[in-house]
Structures are given as C-alpha cells and as structure tokens.
Amino acid sequence: MKLYQVRKGQFVYYNNELHRVYGVKPMYKLSVHLIKLRDMTQHITNAASVEKYKPKELDSFIFNHKAYTLNKDRKAEVGDYLLIHNPMPDSLDTYSLNEIDVVESVDKQGVITSNSHGIKHNEYLLMLPGRASDSHPIDYQNSEGGEVDTLQDIPSQHVNNEPLPTIGDIYKNNDRNEIVEAMVVAVKGHTVYLGGGIEVPQEELMNTEKWEFVYSLLDK
C-alpha cells in the first residue's frame, strides 16, 4: 500500500497476521503503528509491508487471546464486545474506524460503551464469543501461515483494550510546555519507569491526551 492509503483503524495484514492500525506518523521512516489483534502487542512498519482487509459479517478472529465471530443479526447487550465498522460520529464523539469496545448500556437508538461512546445500532458488528460453524477465519492472510484456533482465556496485558507499555517503548508527552521523549526502562506493578528518572502510573501513560507512543526499539 501507499502511505496515503493507510488510515487509523484499518485492519491490515502484516507478517501474514491480522493487525489494526492505531496511528500513522508520516515523519518517521517506519510510519505505520500497529496492534496485533491476537495478543495486543505493538509493532511499527512501513506502508509497503501491510495489506488492507475490510472486516465483514461472519469473519472470525482472535482478539486478546479469545476467539470471536462478527454478527449483525442480534442487537448488542450489556457486556458484549462490538466492532465499530461503520463509524458515523458526531462533532463531540472521538471513536474511529474498527474500534473495539464493551457495551455498558443499550437503548432503541444504540449503545453507550465503556469509553463513553454513543454508538448507533447500524455502526457496529457484534463480536460473539467463539467461532461460528459457518464463520470465515481471518487471523492469517495465508491460511497456511498458522493454525486457526479457539484460544481459551489467558491473562493479558492491556488497559481499555490498549497494550501496556513494555521495556524499549518510546513515549512522548503531550500535556507539558517542555516536550519530553523517553524510553520505558522498567515496569513494576502499575508504575512505569522512564529514562531520566521519570515515574508514571501506567494509566497515565496510556492516556493519549498526556502521552503518545512513538515506537519500540524492539521493532528496529
């Protein structure tokens, strides 16, 4: 793909596995920032290394170590996961294409999610747990690239469906007069230690209004 064709939220294949684009940074050589849906790990690459995929009903895939099948026949219920495949946000909404969120309340017009998004019923596909017998697995671009499975619950490292910081990740602050860019050097409990003696609660570091993930040295 060309860089101008890559958009935040797109599902793409990278190294044969399904990812979601969570950022495009044209100023960097490795400009496409990805989250692998299977295990929520972060990766960065270039546009030429990814191929777009548009999810549809009856597609199934592993998200955060669990299998789901996309469904549009049933309206969401409290606790359901949903994929916002047809986003039509109004001026005050912040959700984007293919966000995955959890339903907290439901009415005739739509749902309210755990991230306080108001989503209309025609904007999402339900993510029903498990692989339906007639589903189309999309975990791999080439089905010979790996075994399609139905992973059981495995402890995962994420906050609000975002991957947790790991050693080697580079973050830049967004809420201070002086720009700081620092590397994660240690993680202990809910505290992340950055270079320069900076200690940050992981919830604060995952707040995109305060900090922005730049890249990971492990992907260099």
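All the letters of the sequence shown, read from the start, carry residue numbers 0 to 219 under the working numbering. No residue lacks a Cβ here, since even glycine has one placed at the ideal position from N, Cα and C.
C-beta atoms of residue i and residue j nearer than 8 angstroms
{"i": "ASP138", "j": "ARG37", "result": "yes"}
{"i": "SER48", "j": "TYR94", "result": "no"}
{"i": "ASN85", "j": "ASN121", "result": "yes"}
{"i": "VAL186", "j": "LEU193", "result": "no"}
{"i": "SER134", "j": "ASP72", "result": "no"}
{"i": "LEU125", "j": "ASN70", "result": "yes"}
{"i": "THR40", "j": "ALA131", "result": "no"}
{"i": "VAL23", "j": "VAL5", "result": "yes"}
Residue i (DSSP reduced to helix, strand or coil)
{"i": "GLN156", "result": "Residue confidence for GLN156 is low, a pLDDT of 42 falling below 50, so the modelled location carries little weight; the figure read from the coordinates is stated next. GLN156: coil per DSSP, three-state reduction."}
{"i": "ASN121", "result": "helix"}
{"i": "GLU180", "result": "strand"}
{"i": "SER142", "result": "helix"}
{"i": "THR112", "result": "strand"}
{"i": "SER215", "result": "strand"}
{"i": "PRO128", "result": "strand"}
{"i": "ALA75", "result": "coil"}
{"i": "PRO164", "result": "coil"}
Residue i versus residue j - alpha carbon distance
{"i": "GLU56", "j": "VAL102", "result": "19 angstroms"}
{"i": "ALA75", "j": "VAL105", "result": "7 angstroms"}
{"i": "GLU202", "j": "HIS64", "result": "22 angstroms"}
{"i": "ASN114", "j": "LEU82", "result": "13 angstroms"}
{"i": "TYR21", "j": "GLY8", "result": "6 angstroms"}
{"i": "LYS35", "j": "THR165", "result": "15 angstroms"}
{"i": "GLY78", "j": "GLU208", "result": "26 angstroms"}
{"i": "PRO25", "j": "VAL213", "result": "12 angstroms"}
N- and C-terminal bounds of the alpha helix (DSSP H) containing residue i
{"i": "ARG91", "result": "The residue asked about is misnamed: residue 91 is Leu in this sequence, not Arg. Run containing LEU91: none; DSSP gives neither H nor E here."}
Range of the contiguous beta strand (DSSP E) that encloses residue i
{"i": "TYR170", "result": "168-172"}
{"i": "LEU2", "result": "Segment: none, LEU2 is in no beta strand (DSSP E) and carries neither H nor E."}
{"i": "SER104", "result": "98-105"}
{"i": "ASN70", "result": "65-70"}
{"i": "ILE83", "result": "80-83"}
Neighbour flag for residue i against chain D, beta carbons, 8 angstroms
{"i": "GLY117", "result": "Although the question refers to chain D, the structure presented lacks it and comprises just one protein chain."}
Q) Which ranges would you report for the alpha helix (DSSP H) in the segment 13-62 if only whole runs of at least 4 residues count? A) none
Q.
Which runs of the alpha helix (DSSP H) at least 4 residues long sit entirely within the segment 181-210? Give them in chain order.
A. Here the runs fully enclosed are 201-204.
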